[in-house]
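A short write-up of the structure that comes next.
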Ligand SMILES: C[S@@+](CC[C@H](N)C(=O)[O-])C[C@H]1O[C@@H](n2cnc3c(N)ncnc32)[C@H](O)[C@@H]1O
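Numbering (the working numbering), first residue to last: 31 to 234.
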């Protein structure tokens, strides 16, 4: 297991994470008609790098994570910025998502960490209210080179085409993928690109 509690206090210090979250937020805004009455869930929110871009365009936003210290940092940032339409929820390996409760569920860079991807997808889809949107960003399937430390990595990215098909099987429509960002890392002495998709769909 990767200990996200241990790195929560310094999570926001890596520019790569800041740029990625900004790009994912832009892609979500381009793909989904955000509204200030939307009840939203950021699944695997971490410190809220994505949420603090979007929170002004949404209603109540729940930041859910399995690492309590990530949520502590999230709430500290909300207090410092005077953001009041947010709350936090801790979850375990079985995602504690209340059914039919959200108009928007989004998540960035979490799917490759969850132990049971299919269970997570089922819980997230079930968490959508009628007409609600799901927006999932993660690494495209890669060869295992992305993480410097493989602890807590359950899979090397996710096949975006597989994810689209699975979400359709679970009942979403208008399912489509875009490339939200490309992370470039130095590997074996040269630049190596790791694309990040955003897959969106809507519950009927
Ligand atoms: C790579 S970080 C991404 C954080 C944030 N979404 C961002 O873009 O900065 C993955 C996050 O998912 C959380 N996480 C890992 N496994 C989880 C699980 N099974 N359920 C909920 N959150 C999980 C971690 O604690 C961590 O905050």
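No residue lacks a Cβ here, since even glycine has one placed at the ideal position from N, Cα and C.
- Shortest gap from the CB of residue 95 to any heavy atom of ligand 1: under 7 angstroms.
- Straight across, the Cα-Cα distance linking residue 86 with residue 59 is about 12 angstroms.
- The three-state reading of DSSP puts residue 44 in coil, since its state is none of H, G, I, E or B.
- Exclusion of residue 49 from the 7 angstroms shell around ligand 1 follows from its C-beta lying no nearer than that to any non-hydrogen atom of the ligand.
- Annotation: residue 232 is outside any alpha helix (DSSP H); the continuous beta strand (DSSP E) that includes it extends over 220-233.
- In this chain, the beta strand (DSSP E) harbouring residue 73 covers 70-73.
- Distance from the C-beta of residue 125 to the nearest heavy atom of ligand 1 is below 7 angstroms.
- Per DSSP, the continuous beta strand (DSSP E) segment holding residue 216 begins and ends at 202-217.
- In summary, residue 197 is buried, with 16 or more beta-carbon neighbours lying within 10 Å of its beta-carbon over all protein chains present.
- Shown here, residue 103 sits in a helix according to DSSP, grouped into three states.
- Here the region 227-234 lies against the region 199-217, with 3 or more beta-carbon pairs under 8 angstroms apart.
- Taking all protein chains in view, the Cβ of residue 114 is surrounded by fewer than 16 other Cβ atoms within 10 Å, so the residue is classified as exposed.
- Contact check for residue 34 against residue 108 fails: the beta carbons are separated by 8 angstroms or more.
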